[in-house]
Structure formats: C-alpha cells, structure tokens
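What follows is a short report on a single structure.
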Amino acid sequence: MYLRKALNSLAFCSLLGSTQALDSELSNNIRNASVASSSTNRRLQTAACTLLLKIKTFEDGHEEEQVDCYDEETKTYSRIATVRGSEYIQSELLSRFKKGELHSAESTLMHEGAFYEGNTLVLPSDGVAKAEFGQNTNSRSRRRLAISGTRTYLAVRVIATDSSPTPTTSQISDEWFGTSGDPVNYKSQIEACSYNAVTVSKFTGSGVTNGVVTANIFTSVGGKDDGDIADLAETAVNNLNLGNPDHTILCLPPGTSGSWIGWAYVNSDISVYNDDWCLYPSIQMHEIGHNWGLAHSNYNGDTYGDQSGMMGYSYSSDDNPVMCFNAPKNRQLGWYSDRTVTVTSGWTGRLYGLSSYSSSTSNDAVILYIPSGTNGSTRDYYVSFNGDSGINSGTQLGGNMVLIHYRNPGTDYEESTLVGGLNSGSTYTGAPLTITVSSISGSTFAQVTVGTVVNTPAPTRSPTSSPTAANPSPTPPTPSPTKAPTSAPVSSPVASPVLDDSSCLDFPDKFKFTKTVTITCADMTDYRCSRPKGESLCPNRCGTTADWCGDNLQDAKGRVEYGTDANGDIIWKGCAFVRRKADKIAQRCSKGNIALACRATCQNQ
C-alpha cells in the first residue's frame, strides 16, 4: 500500500522564508541541509517519522540515493542531517537500507534529541547510535503484494514565476494516458506489459483535465533544488483538496539546479520529472517502477546497464523504446504468475517471450525461477526468453536470446543482475542448474532445458534432441544509452591523431562471433580477444597495442570526453548520444573529443 494511503494523507511543507538555491549534487545538497544556522523555526521531534528512500537519475547515467523522512504530525517531508553534517548519517542510513534492515515507507525513526529546522530533521552528534527504529503501524507491508487492479494517476504541471514546463497539459495527458491518440504511452505500455493485470486510470476532480492539473507555486525555480520545488508543488496540490490518487506525478519546469532527469520515492506514490522528461514512457515506467518497489537492473557493473527492460537506462523519446520489465521484476510484480515455473532439479519445454504469452499453454513457461538453496546457491536465478516483437519489440539488449539474471533471495527492493545471454545451441553453467537452449523459434519461444530431466511427468514437454556441446556464449552487447545533452562548458579539442577506426566504438562495420550476435570492439572481453580474429580486429581492446581510440579517448564503457560540468568533473558521452537527434549532431560533434572518437558520425558535419 502506498505511503499516501498508509498515512491517510500526505502534505509537503513549505520552504523556509526565502528558498535557498542549492547545488543539485547530492553531497552539496545534503551538506547545505546540515544545520549550522540559528534556532529560528526549530521544533523538537515528538513522534517517529517514516523513512523514504529517494532514487534520483541524472543525464549522464549516474544515480544518487538519499533518505528522507515523512512526519505525519505536520504532513511534511524532511531531509536528514546531524549537527555535524549529513554525509555520515546518510551513509549509515543507506547502508542499513542495503542490508535490508530498513525498508522505504515502512521503517520509522525517532530520536529524543532530534529537532526540525525548516525542511531538515537534525539529529544530535551521536547520529543513529541512540535513534529508535520501528515500523509504521498504520502501514500494511506492500513489498510482497502483487501490482494489479485499477490505479489512479494525477499528473501535475507545475508553474513557477520564472518558468513553465515545455509540455502542455494536453501533451502530458497524451503521453501518460493516450488521450489524443499517442500510440505508445505509459497507460498503453503498462496495460500491455501486465496483460491488463493493471488498469491505468486518469484521476478526476475539480480543475483536473484528462488526468492533469496545473499547480502554481508562486516562486522562481532558477538554480534551486528540485526537492524543494517538489515540496512546494505538493503543497499547492494539497491545497486544491482533490483527494488521494494512487500516484502523483510532478512535472517540474526547467531551470532547477543540476542535470537530473527524474526521481521517485521507493514504495511511495510520488515521482518527479524534469521538464520534457515527463513525456517519455521509459522514464515514466522506470520511476513508477521505483514507486512499486523495483530497483535497478545491473549489467556488467553498470547499475542501469541491463537495457533488456525498463529498469535500466531511460531514453529521451516519446514513443520508444517499446519494451517491458525483465524476469526478476515481472515476478516481483506478480505478473505472469501462471507461466512462472519454479525449478529445483530439472525442466524442459518451451520458454515464451512476453509478447507471445497469450500463445503459450499451461505446459509452457514465461519465467523459469531457480530459488536460492538450489545446489547450495545463495541467490535466486531467473531464465527468460527476450523475444523482440510486439510489446517488447524495442528491447535494447539481448533480443531473441535466452537471458539469465540473478538477485538476492525474495521479492523485496533489490537490484537484479544480467549475467548471460544464450543463442540456439548454447549452454550456461554459471547458474545452480545448467541451462541449455536447443532451438529458438524467431521471437516467439525458445526450447530450453534446465538441470537434469529424469522421468518428467506431464504436463512438462518431452526433451528435444540433444543440444550441441556446451560452449561459453557471449553475453549480449551493451548499446550506448541515450541521454539528454547538458549545457556544461566543454574542453578544447585535442590535436588529431592517426585514426584507427577498427578499434573505435563508432566504427560502422561490426564483426561476428556467432551467427546471430554482433558486437563492436568496445564490447571485447579477455575471452573474446582469444577468439579467432579478435586480437587483430581489436588491438587496443586486446592489449596488443595502445592506439588512440580505446586507451586515450574512450572510457571503459566506450564513452568520450564531452566537456566538464559546473564542478569541473568530466562529462562522458557515447557516439549513440551524438547521433540521437539529427539537428544537434553538428553541435555535439564540436564538443570535447567527440569529433575524434565519433568519426563515422561526425565526418560529414
């Protein structure tokens, strides 16, 4: 159950008299929130507040986490700090969240020596050492509840004195609910991916037009913290006395500090978007996914790297990519439960893709779940077929492959990790049970065997012919995520070196290791370097020479120095980002080292 319903009603507090402009970088934001001011506006904490985990995404692909606290007594959200600062207290609280000791929207915090100052809860110098942690008795745990039924959504177009959102009310409604015929929107994709287990409904009320309401905050946003502006927006909405939708969507105007694109509270009902990002289905599903208790999807050490589903990177497109959530997320949501098969010894049969679910029978599966404890495993493993058609036609990673994920046991908030992708004739031995793909039928299903099948009773399908000998199979390639441009200053271009395009991420000619998988040199691993032609095609990636492309200009993810941000830190961008908008290619090619590394993209600019 959402925090709003658990606490009956939520209200954000107003900002301190004159809202202070804060740096968007979390370390500075929290530091500024620490208490070094006078006792004006202070009040003692008299009741426990409810802890909320905030996940914030930025244009360059990094995330920031922060723990806030909701005070039911005053209906306000508060940042958390100590009299000595807030980096330590935030680190300690986040550590307890990661260990599973605290849960967003359920765990509470009380400290007899704490006080509120403005929108900050200030703990004594002992931090959490003497704090009391409990559980919200007004809340019914929703971490294990399936996401289903009709859910109401209220989108808020927030108007400031110096800025208004670029999208209009009708555009916001169309991109969330399809009210003007938009072919791919939040409503259409959620209902399709859940096979109507979830019905997305526009919230209604006085002044609400097709699920969207306008809220004036009567202050400027230029250079101010988005969290503070969100507080004002929620206060304005509460003053309208509209009631309690299941989800409140805040579309903030441009101009707040930092290059953030969206954030949400985990297991709560609030999600916040920066200007145009309020229109894009990928981030809509991503942030609401956090509201539903979903964590990110990791691949190759990148917390957003698993782009087979919507809890990886987000994309600045209003109709693409068309895809759903991955297997661990779908099981956590309670979707496809009638085609989820628990495997502890052996199984063989057809593993269907999401878009072909309706073609499957009770003998088939959409999700194969190998629970922890199987052969001594301490993790849950998931096997799924990532068919790239229909509702999942835009999957960005491992299309038409059998994917293997793992996560820590259970269905609580927990990051999933993609560890492998199999083609026809491939076998994976890194899971508790061996996984073999005998054949793949287009984007419909794969014939899969997990473990050892002996005297398998009906309704399990009979094994297919013997699979090919086990061969390590390359994991699916990681495409460069699309990210929005920043306005940060850029560095001067370096002198043009001798180019060796065969080693560059942007090199247009790809080479094959299997019949169906193509990768660029940026995806090389030690194993791939040992394969025929690997060393000669990708000398810098394989360590035989140090040419300019991989070793001097590109980082480990194949991204290129684009410029620097306000703090002087390097901004890295991939060549796919440069190509993303045709009318901006020339401008982006002039930044940093882009023209050198993205030669194929920039050569005609």
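Residue numbers (mature numbering (1 follows the signal peptide of the UniProt record, and there is no 0)): -21 to -1, 1 to 584. Ideal Cβ positions, reconstructed from N, Cα and C, are used throughout, including at glycine. Since the model is a prediction, treat every value here as computed from it, not as a measurement.
Simplified DSSP assignment, three categories, for residue i
| i | result |
| --- | --- |
| phenylalanine 304 | coil |
| cysteine 230 | strand |
| glycine 571 | coil |
| arginine 130 | strand |
| glutamine 566 | helix |
| threonine 524 | Annotation note: pLDDT 37 at threonine 524 (below 50); position unreliable, coordinate value reported separately. Three-state result, threonine 524: coil. |
| tryptophan 256 | helix |
| glutamine 426 | strand |
| leucine 312 | helix |
| cysteine 581 | helix |
| tyrosine 331 | strand |
| lysine 166 | helix |
| alanine 561 | helix |
| glutamate 540 | strand |
| phenylalanine 486 | Residue placement at phenylalanine 486 is flagged as unreliable, the pLDDT there being 31, under the threshold of 50; a coordinate-derived value is accordingly withheld. |
| serine 420 | strand |
| alanine 171 | helix |
| glycine 325 | strand |
| threonine 431 | coil |
| tyrosine 336 | helix |
| threonine 390 | coil |
| leucine -19 | Per-residue confidence for leucine -19 stands at a pLDDT of 40, beneath the threshold of 50, marking its modelled position as unreliable; no derived number is given. |
| asparagine 342 | coil |
| threonine 188 | strand |
| asparagine 354 | helix |
| glycine 202 | coil |
| methionine 264 | helix |
| glycine 529 | A caution first: glycine 529 carries a pLDDT of 37, below 50, which makes its placement in the model unreliable, though a value can still be read off. Reduced to three states, the DSSP call for glycine 529 is helix. |
| glycine 222 | coil |
Paired residues, beta bridge with residue i - DSSP
| i | result |
| --- | --- |
| histidine 384 | Tyr361, Leu397 |
| lysine 109 | None, per the DSSP bridge assignment. |
| leucine 100 | Ile59, Tyr95 |
| glycine 181 | Going by the sequence as given, residue 181 is lysine instead of glycine. For lysine 181, which the question treats as bridged, DSSP gives the partners Tyr132. |
| glutamine 375 | Partner(s): none; glutamine 375 has no beta bridge. |
| glutamine 114 | Ser86 |
| phenylalanine 37 | Trp239 |
| arginine 318 | DSSP output for arginine 318 lists no bridge partner at all. |
| alanine 194 | Val137 |
| threonine 29 | Tyr49, Thr87 |
| valine 251 | Leu229, Trp242 |
| tyrosine 278 | Asp281, Leu397 |
Enclosing beta strand (DSSP E) for residue i [first to last residue]
| i | result |
| --- | --- |
| proline 89 | Note that residue 89 is methionine in the sequence shown, not proline. Where methionine 89 is concerned, the enclosing beta strand (DSSP E) stretches over 86 to 89. |
| aspartate 50 | 42 to 50 |
| leucine 273 | No beta strand (DSSP E) holds leucine 273; DSSP gives it neither H nor E. |
| residue 587 | Nothing about residue 587 can be reported from this structure: the residues present for the chain run from -21 to 584 only. |
| valine 245 | From DSSP, valine 245 is part of no beta strand (DSSP E); its letter is neither H nor E. |
| isoleucine 349 | 346 to 349 |
| leucine 23 | 21 to 23 |
| isoleucine 550 | 549 to 552 |
Cβ distance (whole Å) where residue i is taken to contact residue j below 8 Å
| i | j | result |
| --- | --- | --- |
| glutamate 44 | leucine 30 | About 12 Å; that fails the 8 Å criterion. |
| isoleucine 370 | serine 334 | 5 Å |
| residue 632 | serine 180 | Outside the shown range of the chain (-21 to 584) lies residue 632, about which nothing can therefore be said. |
| aspartate 386 | alanine 344 | Before going on, a small fix: residue 386 reads as arginine here, not aspartate. That belief does not hold up - the Cβ atoms of arginine 386 and alanine 344 are roughly 18 Å apart, past 8 Å. |
| threonine 282 | glutamate 394 | 7 Å |
| proline 81 | alanine 93 | For the record, residue 81 in the displayed sequence is leucine; it is not proline. In fact, because the Cβ distance is near 17 Å, the residues do not count as touching under 8 Å. |
| threonine 87 | alanine 27 | 4 Å |
| threonine 148 | threonine 193 | 7 Å |
Residue range of the alpha helix (DSSP H) that includes residue i
| i | result |
| --- | --- |
| leucine 412 | Per DSSP, leucine 412 belongs to no alpha helix (DSSP H) and is neither H nor E. |
| arginine 75 | 66 to 77 |
| isoleucine 208 | 205 to 217 |
| phenylalanine 156 | 148 to 156 |
Residue i: CB within 7 Å of a non-hydrogen atom of the ligand NAP
| i | result |
| --- | --- |
| serine 395 | Ligands in the displayed structure: none, and consequently the ligand NAP is not present. |
Below-8 Å beta-carbon distance, residue i vs any chain C residue
| i | result |
| --- | --- |
| leucine 81 | No chain C appears in this structure, which consists of one protein chain only. |
Three or more C-beta pairs below 8 Å linking the segment 252 to 264 and the segment 224 to 231: yes
Cβ contact (3+ pairs, closer than 8 Å) linking the segment 376 to 384 and the segment 410 to 425: yes
Inter-stretch contact (C-beta, 8 Å, three-pair minimum) for the segment 105 to 114 and the segment 204 to 212: no
Meets three-Cβ-pair contact criterion under 8 Å: the segment 59 to 77 and the segment 287 to 301: no
Touching by the beta-carbon criterion (3+ pairs, under 8 Å), the segment 261 to 268 and the segment 209 to 220: no
Stretch-stretch touch, CB-based, cutoff 8 Å, three pairs: the segment 236 to 255 with the segment 268 to 279: yes
contact_flag[the segment 151 to 171, the segment 348 to 365] where n(CB pairs < 8 Å) is 3 or more: no
Stretch-stretch touch, CB-based, cutoff 8 Å, three pairs: the segment 36 to 55 with the segment 353 to 365: no
The segment 276 to 292 touching the segment 320 to 337, judged by at least three CB pairs closer than 8 Å: no
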